[in-house]
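Taking my numbering, the leading residue of the sequence shown gets -10, the next gets one more, and so forth.
Just so it is clear, CB atoms sit at the ideal spot from N, CA and C, and this is done for glycine as well.
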Amino acid sequence: MFRDRIIDALRDPLRPAVSVEFFPPKDAGTADTLLRTARALQPLGIDFASITYGAGGTSRDTTLSYGGALVEMGFPLVGHLTCVGHSRDELRALIRQYDEAGFSGILALRGDPPKGQAVFTPHPDGFSHAEELVGLISGSLSKRFAVGVAGFPEMHPEAVDEQSDIRFLAQKVAAGADFITTQLFLDNADYFRFVELARVAGVGVPILPGIMPVLSLKQARNFCGFCKARIPEVLVSELEACGPDEEAQRKVGVIWAVNQIRELIARGAPGYHLYILNRAESAQEVLAALRS
Ligand SMILES: Cc1cc2nc3c(=O)[nH]c(=O)nc-3n(C[C@H](O)[C@H](O)[C@H](O)COP(=O)(O)OP(=O)(O)OC[C@H]3O[C@@H](n4cnc5c(N)ncnc54)[C@H](O)[C@@H]3O)c2cc1C
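Encoded structure:
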């Protein structure tokens, strides 16, 4: 429904695009948190929201239902979709359901191997790489969805080398992606280098930097360990200097994110994607600081 609004926001040279990422809640308590967060952020000029997809369809119903709730609140919505455990027919059916639920975009992903499996094994009638899912969406429904793909400023953990990772990124875009959202990174130098390599490889679409306001050193170590993102030593020292005071650590995370975003925008990034972990407070503070 809002496909063009998403693409126009990402291409607006005068105003940075802002997106926020939710994950589908597992129970009533966390569902309430998501809905409260969404209501708190909705009036703050967010251009679009996205909602993640659990490995192997584990969140199929909740991605659809909470994605639908975000659409009803007025967010142009990008639904994430992975190839894990799905046949092509199942993926086609899911894409139709995303359309019926009013989603305006799809972040087309391969997905990680399910827990307990070391390597990604495609469904016998499914896809091995995100590029093929992009092709499926672009082939049938390209006019209905803004299609995004993932990019990795510090290289995808399974990639053989940086060159091939960038080449495959360029192939995903050539298959029909309208934009790239990056994995979180805490050192802007990684983003600038990644963008430069992508441009040299012929990637012309907006590359939206993924920013996570760190909540605490413990949270950052967990999360960054999971996505293999580096935590700069300076940030570690600033967080350590707060001692056990988690609120002080969260404030350090907000300031770090604001400084990252200011530099990214000043040097040409099309906007920023906030990994908000379904929490409103840090996102509100980041947005307020950037607009002051
Ligand atoms: C912004 C963002 C959002 C995410 N959201 C989710 C989510 O909602 N749910 C979830 O489960 N996961 C999510 N992920 C994680 C993602 O699914 C994993 O990082 C996954 O391991 C890779 O997905 P991809 O789409 O980048 O895969 P691909 O682009 O397929 O790449 C995977 C690996 O294969 C290589 N490769 C790519 N194409 C080819 C090719 N044609 N031939 C050979 N090798 C190739 C790449 O270099 C890379 O190493 C997200 C990641 C990001 C950055």
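Per DSSP, cross-strand counterpart(s) of residue i
i: Glu10; result: Ser39, Tyr264
i: Ala135; result: Gly94
i: His69; result: Leu96
i: Thr170; result: Ala139, Leu197
Of the residues the options, the one placed nearest residue i, counting alpha carbons only
i: Val203; options: Arg4, Glu185, Glu236, Ser48; result: Glu236
i: Pro233; options: Arg133, Ser205, Lys161, Leu253; result: Ser205
i: Arg268; options: Glu89, Val67, Ala190, Asp21; result: Asp21
i: Pro142; options: Lys161, Gln160, Thr170, Phe12; result: Thr170
i: Asp88; options: Glu121, Val67, Asn177; result: Val67
i: Asp1; options: Ile126, Ala277, Gly56, Leu197; result: Leu197
i: Gly56; options: Glu10, Val138, Glu270; result: Glu10
i: Gln31; options: Arg49, Ser48, Ser8; result: Ser8
i: Leu122; options: His69, Asp16, Gly193, Ala90; result: His69
i: Leu96; options: Gln106, Gly124, Val136; result: Val136
Same chain only: Cβ atoms within 7 Å of residue i, ignoring 5 sequence neighbours per side
i: Arg44; result: The identity of residue 44 in the sequence shown is Ala, whereas the question assumes Arg. So the qualifying residues of the chain are Thr71, Val73, Gly100, Asp101, Pro103.
i: Leu253; result: Asn177, Tyr180, Pro198, Tyr261
Between the CA atoms of residue j and residue i - distance to the nearest angstrom
i: Ile244; j: Gln238; result: 10 Å
i: Val247; j: Tyr180; result: 15 Å
i: Leu153; j: Gly140; result: The sequence shown places Ser at residue 153, not Leu. About 13 Å.
i: Ala187; j: Asp(-3); result: 21 Å
i: Ala164; j: Glu227; result: 43 Å
i: Leu59; j: Arg25; result: 11 Å
i: Gly46; j: Ile40; result: 13 Å
i: Leu173; j: Arg156; result: 20 Å
i: Phe92; j: Val189; result: 32 Å
i: Gly242; j: Asp78; result: 43 Å
i: Ala38; j: Asp(-7); result: 14 Å
i: Cys231; j: Val225; result: 10 Å
i: Glu151; j: Cys216; result: 16 Å
i: Arg28; j: Ala166; result: 30 Å
i: Val138; j: Tyr42; result: 14 Å
i: Val192; j: Glu185; result: 10 Å
i: Ile126; j: Glu61; result: 23 Å
i: Arg280; j: Glu274; result: 10 Å
Same chain only: Cβ atoms within 8 Å of residue i, ignoring 5 sequence neighbours per side
i: Ser76; result: His112, Pro113, Asp114, Gly115
i: Cys354; result: This structure cannot settle anything about residue 354, because the visible part of the chain is limited to -10 through 281.
Sequence-distant residues of its chain with Cβ nearer than 6 Å to residue i (five each side left out)
i: Pro195; result: Leu(-1), Phe168, Pro259
i: Met144; result: Glu151, Asp154
i: His118; result: Arg99
i: Pro65; result: Phe(-9), Arg(-6), Ile(-5), Phe37, Ser93
i: Leu33; result: Leu276
Environment of residue i [buried if 16+ CB atoms lie within 10 Å]
i: Val108; result: exposed
i: Thr110; result: exposed
i: Gln249; result: buried
i: Lys161; result: buried
i: Leu3; result: exposed
i: Pro13; result: buried
i: Gly18; result: exposed
i: Asp36; result: buried
i: Pro146; result: exposed
i: Val149; result: exposed
i: Glu229; result: exposed
Any non-hydrogen atom of ligand 3 within 8 Å of residue i CB
i: His75; result: This structure lacks ligand 3; its bound ligands are ligand 1.
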